[in-house]
Each structure stands twice: as structure tokens, then as C-alpha cells.
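The structure under discussion appears below in the form of C-alpha cells.
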Amino acid sequence: MLSPKKIILGGGVMHQKQLFPMIRAEVQNNLNGYVKAQELFIHIDEYITPPGLGDNASLCNALALGLMAPGGM
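According to this note's numbering, the sequence shown is numbered sequentially starting from 89.
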């Protein structure tokens with residue numbers, strides 16, 4: 089029913105870099121070939137990824153929303 093374009097996992101726990109390969113492998117294992125999208129097999133490192141802004145992602149998003157609000161900041 090849902091087909092996200094990207095899965096972004098962040099937060100303190102995700103600073104453990106060994107988790108990303110484990111999560112990606114488990115996703116592929118659980119799908120068991122059911123979904124045949126290239127994103128899940130060839131480009132999975134780009135599909136399940138940490139936030140591009142690192143730990144500052146939430147702060148930057150809040151600032152962007154504030155600037156876009158009527159009256160701005």
C-alpha cells in the first residue's frame with residue numbers, strides 16, 4: 089500500500105554504523121523477493137540511509153518551517 093522513496097534512520101542509536109548493514113540485510117531477507125525494485129537490491133545504501141544533515145536535521149527542518157510560515161521569522 090505504501091512505497092516510500094527513501095527510509096531515513098537517525099538518532100543516537102543509529103550512530104552505531106554496524107546497524108545500517110544489518111538493517112538493510114534484514115529488510116532484503118524479510119521481503120524475500122516479493123518486491124523487485126532496484127532501490128531495494130542495487131541501491132539499498134541510498135534507500136535506507138542516515139539523514140543528510142546528521143544530528144542537525146530536526147533543527148534545520150524547524151528553522152525552514154519557521155521561515156516559510158506567514159510572517160516568517
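A virtual CB, placed ideally from N, CA and C, is assigned to each residue, including glycine.
- In its chain, beyond the 5 residues on either side, Ile132 and Ile136 have a beta carbon closer than 6 Å to the beta carbon of Arg112.
- The secondary-structure analysis by DSSP pairs Ile132 with nothing; it has no beta-bridge partner.
- For the pair Leu97 and Gln116, the CB atoms are not nearer than the 8 Å cut-off.
- 8 Å or more divides the Cβ of Met110 from the Cβ of Pro138.
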